[in-house]
Structure formats: C-alpha cells, structure tokens
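One structure is given here, and the rest of the page talks about it.
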Amino acid sequence: MRHRRRRRHSLTHLGLLRLTEYLEGVNFAAYVDLLQTPWRLALLNLIGGIFRGLGIGLGFTVIAGLVVLILQQLELLNLPIIGKWIADLVQIVDGQLRARQFTY
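All residue numbers for the sequence shown refer to the numbering used here, where the first residue is 1 and numbers rise by one.
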C-alpha cells in the first residue's frame with residue numbers, strides 16, 4: 001500500500017514538473033500579464049492589425065501588377081483563343097490607370 005502511494009505521488013510530481021516546464025516554455029506568465037492590462041492588449045492588437053492590413057495591401061498590389069505584366073506578355077504572343085480577351089482586359093486596366101477621375 002505504501003509503495004502505491006509513493007508511485008502515485010511521484011507521478012503527480014512528475015506531471016506537475018512537466019506542466020510547469022510547458023507553461024514556462026509558452027511564456028504563460030507574460031500572457032497572463034498581458035490579459036491583466038487591457039489597454040496594452042488593445043494597443044498591441046491595433047498595431048498588429050495595421051501591419052497586417054499594410055502587408056495585405058502591398059502583397060495584393062505586387063501580385064496584381066505581376067498578373068497584368070504576364071497578361072501583357074501573353075497579348076504580345078497573339079494567342080488565338082484568349083488573345084482578344086487578354087487585350088480587352090489589359091486595355092481596361094490601362095484605361096483605369098490613366099483616368100484621372102476622382103469620385104467620392
């Protein structure tokens with residue numbers, strides 16, 4: 001009976017040690033501190049959202065620019081099936097870029 005208690009105690013102790021190591025590894029204390037200061041949490045989320053928005057905007061701009069460049073190169077190849085469609089699309093995009101109309 002005494003042997004079982006020691007074994008159970010050692011397993012519980014081992015489990016607590018593992019839990020402690022895990023919580024220290026994921027920096028749980030810093031997370032709890034952050035939750036206790038809601039203004040700091042809101043500020044960090046605001047800054048993170050701004051940078052995510054900038055990243056999405058810049059990334060989309062680069063990808064859209066590359067797609068337009070690829071379509072322009074495909075237009076030069078005069079592909080019979082999609083050549084007219086690509087030419088129309090590139091013409092629409094070029095017209096939008098050159099138009100200086102600002103509507104609000």
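Think of the CB as a built atom: it goes at the ideal place given N, C-alpha and C, for glycine as much as any other residue.
- At the C-beta level, Glu75 and Ala64 stay beyond 8 Å of one another.
- Residues Leu34 of the same chain have their beta carbon placed closer than 7 Å to that of Arg40, with the five preceding and five following residues left out of the count.
- With contacts defined by Cβ atoms closer than 8 Å, Leu89 and Leu69 do not form a contacting pair.
- In the three-state scheme derived from DSSP, where H, G and I count as helix and E and B as strand, Ala99 is classed as coil.
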